[in-house]
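First comes the structure, then the notes that go with it.
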Amino acid sequence: EPEVTQTPSHQVTQMGQEVILRCVPISNHLYFYWYRQILGQKVEFLVSFYNNEISEKSEIFDDQFSVERPDGSNFTLKIRSTKLEDSAMYFCASSKGNTGELFFGEGSRLTVL
Amino acid sequence: ELKVEQNPLFLSMQEGKNYTIYCNYSTTSDRLYWYRQDPGKSLESLFVLLSNGAVKQEGRLMASLDTKARLSTLHITAAVHDLSATYFCAVDMAGTGNQFYFGTGTSLTVIP
Numbered sequence: 186e187p188e189v190t191q192t193p194s195h196q197v198t199q200m201g202q203e204v205i206l207r208c209v210p211i212s213n214h215l216y217f218y219w220y221r222q223i224l225g226q227k228v229e230f231l232v233s234f235y236n237n238e239i240s241e242k243s244e245i246f247d248d249q250f251s252v253e254r255p256d257g258s259n260f261t262l263k264i265r266s267t268k269l270e271d272s273a274m275y276f277c278a279s280s281k282g283n284t285g286e287l288f289f290g291e292g293s294r295l296t297v298l
Numbered sequence: 010e011l012k013v014e015q016n017p018l019f020l021s022m023q024e025g026k027n028y029t030i031y032c033n034y035s036t037t038s039d040r041l042y043w044y045r046q047d048p049g050k051s052l053e054s055l056f057v058l059l060s061n062g063a064v065k066q067e068g069r070l071m072a073s074l075d076t077k078a079r080l081s082t083l084h085i086t087a088a089v090h091d092l093s094a095t096y097f098c099a100v101d102m103a104g105t106g107n108q109f110y111f112g113t114g115t116s117l118t119v120i121p
């Protein structure tokens with residue numbers, strides 16, 4: 186069964202460092218998303234991406250964040266200069282259309298020291 | 010901002026018992042989703058409810074949606090230990106595409 190895959194599963198970084206989280210969405214899906222979940226809290230929307238551009242973003246997704254689809258399969262989230270409060274599980278998701286079910290990846294746990 | 014509230018936040022129940030988890034949301038939407046999350050794992054889609062009055066069942070779980078009341082329920086019938094997990098509802102606010110607003114989650118523990 187097709188699935189969303191994410192790498193790395195866990196990354197530890199020093200405050201101020203750049204981090205890139207990678208995702209391979211389901212191959213026939215057109216819409217891509219990043220969500221995050223701080224430990225023990227609810228899942229929060231970061232950004233949605235369609236047709237090589239951002240379609241929606243939340244207040245969390247500030248100038249330190251960027252997304253890119255560098256080729257036909259990968260979808261990346263970059264955090265330019267990590268802060269302690271960026272520590273969270275980051276989930277990539279994809280969907281066929283812009284309404285309907287999202288399919289989530291296993292997540293990338295980011296720990297900022 | 011759309012608010013999505015679940016109750017209870019924590020639920021401990023014995024095997025074989027029935028219980029209902031409630032999901033209330035603050036603005037108009039006719040699309041609601043239920044997800045399951047095991048500790049340290051991803052979000053597994055359980056139900057997609059796309060209209061008022063929608064009811065879906067899978068095994069011991071049944072979900073319903075009342076858009077007029079802005080309420081969805083997840084009913085658990087004859088709970089078993091394997092249902093222990095955190096359950097999230099998520100609402101897709103009209104006009105925002107798939108910008109899901111997740112509820113606070115309900116941590117369910119089924120005791121043998």
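Chains as they are written, first to last, in the numbering used here: chain G, 186 to 298; chain X, 10 to 121.
Cβ atoms here follow ideal geometry from the backbone N, Cα and C, with glycine treated the same way.
A quick note: this is a predicted structure, and the numbers were derived from the prediction, not measured.
| Asked | Found |
| --- | --- |
| List, in chain order, every chain G residue whose beta-carbon is nearer than 9 Å to that of Phe-97(X). | Lys-227 and Val-228 |
| Tell me the rounded alpha-carbon separation between Val-252(G) and Leu-262(G). | 5 Å |
| Count the other CB atoms, across all protein chains shown, that sit within 10 Å of the CB of Ile-223(G); report buried if there are 16 or more and exposed otherwise. | exposed |
| Based on the DSSP secondary-structure assignment, which residues constitute the bridge partners of Thr-82(X)? | Tyr-31(X) and Ser-73(X) |
| Have a look at the DSSP bridge pairing and note the partners of Leu-117(X). | Leu-20(X) and Ala-94(X) |
| Could you tell me whether the region 37 to 48 of chain X touches the region 92 to 104 of chain X, where touching means 3 or more Cβ pairs closer than 8 Å? | yes |
| Which ranges would you report for the alpha helix (DSSP H) in the region 254 to 290 of chain G if only whole runs of at least 4 residues count? | none |
| Relative to the C-alpha of His-90(X), which candidate in Leu-52(X), Met-22(X) and Val-57(X) has its C-alpha closest? | Met-22(X) |
| Determine, for Leu-224(G), whether the minimum Cβ-Cβ distance to residues of chain X falls below 8 Å. | no |
| Check whether chain X comes within 8 Å of Thr-284(G), counting only Cβ atoms and requiring the distance to be less than that. | yes |
| Given that a residue counts as buried once 16 or more other Cβ atoms are within 10 Å of its Cβ, and exposed if not, what is Asn-107(X)? | buried |
| Hey, would you say Val-64(X) sits closer than 8 Å to Ser-51(X), going by beta carbons? | no |
| By the criterion of Cβ-Cβ separation under 7 Å, what are the contact partners of Glu-238(G) in chain X? | Residues of chain X passing the Cβ test: none, with the nearest at roughly 13 Å. |
| In the structure shown, what three-state DSSP assignment does Glu-229(G) receive? | strand |
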